[in-house]
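K.L.:
Once you've had a glance at the structure underneath, I'll fire off some questions.
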Amino acid sequence: AIRASAGAHAVRVLQDELPEALKRRQECIIMISCGEESTLRQAVSMVLDRVFDRSGLPDTADRDRERPHVLDLIVPERAGGGIVGQGGERIRAIIEELGCEVQVSREPLAGIAGHKRVKLLAKDRNPIEAALWRLQGTLKELVAAEVLSSEHFELREALPSEAEAAMNRAKMEAEAIGKGEVPLRVLLAQGEAATVVGKLGANVARLRDLALVSIDDAENPPFDETERICSAAKATLAQRLRALRLILGDLATRNAAIAREESVTGEPVGGGDAAEGMRQVQVRLLFPAERWSELDPALQTEQSTFPEVKIEVQEPQVVFGQPASLRAISLEGPEEAVALCGWRLHRALEPWEIAEPPPRVEEEGDERPKGRGKGKAKGPPGAAQAPQAPLISPATPVQRQVESVSTTRSPEPPVPLQSAPLQSPSPPVAQTPRPVPAMNAGAVPLKLVLRDFRTASYLASEASGIASKAQVKLFALEATTAAPAILEIHGPLDRAAAACYFVQMQLWLEGALGVPSKER
1 AIRASAGAHA
11 VRVLQDELPE
21 ALKRRQECII
31 MISCGEESTL
41 RQAVSMVLDR
51 VFDRSGLPDT
61 ADRDRERPHV
71 LDLIVPERAG
81 GGIVGQGGER
91 IRAIIEELGC
101 EVQVSREPLA
111 GIAGHKRVKL
121 LAKDRNPIEA
131 ALWRLQGTLK
141 ELVAAEVLSS
151 EHFELREALP
161 SEAEAAMNRA
171 KMEAEAIGKG
181 EVPLRVLLAQ
191 GEAATVVGKL
201 GANVARLRDL
211 ALVSIDDAEN
221 PPFDETERIC
231 SAAKATLAQR
241 LRALRLILGD
251 LATRNAAIAR
261 EESVTGEPVG
271 GGDAAEGMRQ
281 VQVRLLFPAE
291 RWSELDPALQ
301 TEQSTFPEVK
311 IEVQEPQVVF
321 GQPASLRAIS
331 LEGPEEAVAL
341 CGWRLHRALE
351 PWEIAEPPPR
361 VEEEGDERPK
371 GRGKGKAKGP
381 PGAAQAPQAP
391 LISPATPVQR
401 QVESVSTTRS
411 PEPPVPLQSA
421 PLQSPSPPVA
431 QTPRPVPAMN
441 AGAVPLKLVL
451 RDFRTASYLA
461 SEASGIASKA
471 QVKLFALEAT
481 TAAPAILEIH
491 GPLDRAAAAC
501 YFVQMQLWLE
511 GALGVPSKER
């Protein structure tokens, strides 16, 4: 019916043709390509009718019927900066004017070269459809400005690296003998599960950008019927570690909120003011009982590796005369130490995975523009690698609109700090370096190499706001024979990591404006 109304070749559903990274997450891509915008709107509306149709749900499926509407668009990576807008103004406008949460992926789409996701979330369909056409208008502007061309909308498979190919081969060999991927399973109390889901499902949407995620009732003993099991599967261990970090962050935020409420009533308050990564959390991870012998060696070493983490192992349980299929390991301590401990336990069951955990990536919570909700406008660092032309008024419509009903994305690649040029929005910064204080015994400053001293001076100044947000001291050093300029970061390791993240975001935000270098 859709093809009859919009054209025989206007709508294509890609599923079997997709890379394994997408197929294993049970995803498909709907491609809609029309020459006339009126025909495109009609085809998109009919597709959304099918995507959001919940009339066939049984009467008992109230929770499914009340779930927020979620739509993933697939857009060229190069369009990310234009979609976000200067300082996130375009995303903020969509959130405030249309009531639709927007999450722009920072990393490329798994298995697809040169594309990324834009996730739209709302309680009803209308805000999502309005946001979709707002973003389509932005794509038209980028085409008219020659930032995008028809080649950017073509879908091409991304070839894996040699290391990824070797890891995939080892994984397939392990799966052949019944020792494949072990899903990340987190046992949650009912209130904790609500926090992990978040308002309009915004929190769990972040998890589904990383893996195939489900939150199910723990209906069977030895678990309580009020508990929930959050499962993340069909993803690399690095992606599951990121998912665990997000879950722990949500639980730590919930604990802090409860502590603030208790302080009003005069009850004791516990460490809610600790830095992210250092907040105290407790989590129960579930592992298959049949593979417990592989976990024992790791459990014996984890306590010495992470002395700050309290580890408790559930005794084997018997259910209806049979051993329970899952056993719980309780981890309590600083959230990052707990996350890394969980990562090491999983890697004991998946030795083909990377030997070292990926570094912690701080959330953008402190950098949200005023008025934004939990739907984060995540600007893509990759979009800043090539300067973009200023946006102009819409011209001819884009010839291909690509949409997806999927809910996952690929791991985030590291972004070089020098990849994005910087235009300082503040008055010129004096070209004189600040004196560097003597360091405390044993403390080593973190040094970042930047393209010029003016950039380093701005980042170190109060105008950038990085030092105050990360609670560190920043100093710009003049050029040496080894580097054009150096930005020194003085502070604890977790604060220095936060400062690195803010520097990276500042470089991307300024570079995404596409201002020619001669104007800087």
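Quick note, the sequence shown lines up with residues 1 to 520 if you use UniProt numbering.
Beta carbons are placed, not taken as given, at the ideal position from N, Cα and C, and that holds for glycine.
Given that a residue counts as buried once 16 or more other Cβ atoms are within 10 Å of its Cβ, and exposed if not, what is isoleucine 177?
P.N.:
Locating residue 177 in the sequence shown gives position 177, where the first residue counts as 1. The residue is exposed, with fewer than 16 neighbouring Cβ atoms inside 10 Å.
K.L.:
Among Arg125, Leu48, Ala238, whose alpha-carbon lies nearest the alpha-carbon of leucine 98?
P.N.:
For this step, residue 98 is matched to residue 98 along the sequence shown. Taking only the C-alpha atoms, the option nearest leucine 98 is Arg125.
K.L.:
Mind the definition here: the stretch 283-297 touches the stretch 184-201 only if three or more C-beta pairs lie below 8 Å; say whether that holds.
P.N.:
Touching, yes, given that three or more Cβ pairs across the two stretches are closer than 8 Å.
K.L.:
Exposed or buried, what is aspartate 209 when buried is set at 16 or more other beta-carbons lying within 10 Å of its beta-carbon?
P.N.:
Within the sequence shown, the letter at position 209 stands for residue 209. The residue is buried, with at least 16 neighbouring Cβ atoms inside 10 Å.
K.L.:
Quick check on DSSP: helix, strand or coil for glutamine 322?
P.N.:
In the sequence shown, counting from the first residue as 1, residue 322 sits at position 322. Three-state DSSP puts glutamine 322 in a strand.
K.L.:
Report buried or exposed for methionine 172, applying the criterion of at least 16 other Cβ atoms within 10 angstroms of its Cβ.
P.N.:
Stepping through the sequence shown from its first residue, residue 172 is reached at position 172. Exposed, because fewer than 16 other Cβ atoms sit within 10 Å of the Cβ of methionine 172.
K.L.:
To which residues does DSSP link serine 231 through a beta bridge?
P.N.:
Along the sequence shown, one-based indexing puts residue 231 at 231. Per DSSP, Arg185, Ser214.
K.L.:
What is the residue span of the alpha helix (DSSP H) that alanine 205 lies within?
P.N.:
As a working note, residue 205 is residue 205 in the sequence shown. Counting along the chain, the alpha helix (DSSP H) containing alanine 205 begins and ends at 202-208.
K.L.:
Which residues does DSSP pair with serine 330 in a beta bridge?
P.N.:
As a working note, residue 330 is residue 330 in the sequence shown. According to DSSP, serine 330 bridges with Arg284, Glu312.
K.L.:
Mapping DSSP to helix, strand and coil, what is aspartate 494?
P.N.:
Along the sequence shown, one-based indexing puts residue 494 at 494. Aspartate 494: helix per DSSP, three-state reduction.
K.L.:
Are the beta-carbon atoms of histidine 346 and valine 196 separated by less than 8 Å?
P.N.:
Locating residue 346 in the sequence shown gives position 346, counting from the first residue. Locating residue 196 in the sequence shown gives position 196, counting from the first residue. The answer is no: Cβ separation not under 8 Å.
K.L.:
Opposite glutamate 101 in the DSSP bridges: which residues?
P.N.:
Sequence index remark: in the sequence shown, residue 101 carries index 101 (1-based). Per DSSP, Leu121.
K.L.:
Name the residue from Ser304, Gly111, Phe475, Tyr501 whose alpha carbon lies nearest to the alpha carbon of glutamine 17.
P.N.:
Here residue 17 refers to the residue found at position 17 when the sequence shown is read from its first residue. Reading off the sequence, residue 17 comes out as glutamate, not glutamine. The residue with the shortest Cα to Cα distance from glutamate 17 is Gly111.
K.L.:
Among Gly85, Leu493, Ser105, whose alpha-carbon lies nearest the alpha-carbon of arginine 134?
P.N.:
Taking the first residue of the sequence shown as 1, we reach residue 134 at position 134. Among Gly85, Leu493, Ser105, the Cα nearest to that of arginine 134 is on Gly85.
K.L.:
Less than 8 Å between the beta carbons of histidine 490 and lysine 469, yes or no?
P.N.:
Position 490 of the sequence shown, counted from the first residue, corresponds to residue 490. Position 469 of the sequence shown, counted from the first residue, corresponds to residue 469. The answer is no: Cβ separation not under 8 Å.
K.L.:
In angstroms, rounded to a whole number, what distance separates the CA positions of leucine 487 and glycine 249?
P.N.:
By one-based count along the sequence shown, residue 487 stands at place 487. By one-based count along the sequence shown, residue 249 stands at place 249. In a straight line, the C-alpha of leucine 487 is about 29 Å away from that of glycine 249.
K.L.:
Run through DSSP, which three-state label would proline 297 get?
P.N.:
Position 297 of the sequence shown, counted from the first residue, corresponds to residue 297. Of the three classes helix, strand and coil, the one that applies to proline 297 here is helix, per DSSP.
K.L.:
Measure the CB-CB distance between glycine 80 and lysine 119 and report whether it falls below 8 Å.
P.N.:
Indexing the sequence shown from 1 puts residue 80 at position 80. Indexing the sequence shown from 1 puts residue 119 at position 119. Against a cut-off of 8 Å, the Cβ pair of lysine 119 and glycine 80 comes out as no contact.
K.L.:
Determine which residues share a DSSP beta bridge with glutamate 488 and list them.
P.N.:
Translated into positions along the sequence shown, residue 488 becomes position 488. Note: glutamate 488 sits in a beta bridge opposite Lys447, Phe475.
K.L.:
In this structure, does DSSP put leucine 109 in helix, strand or coil?
P.N.:
Counting from one through the sequence shown, the residue named residue 109 turns up at place 109. If DSSP states are grouped into helix, strand and coil, leucine 109 belongs with coil.
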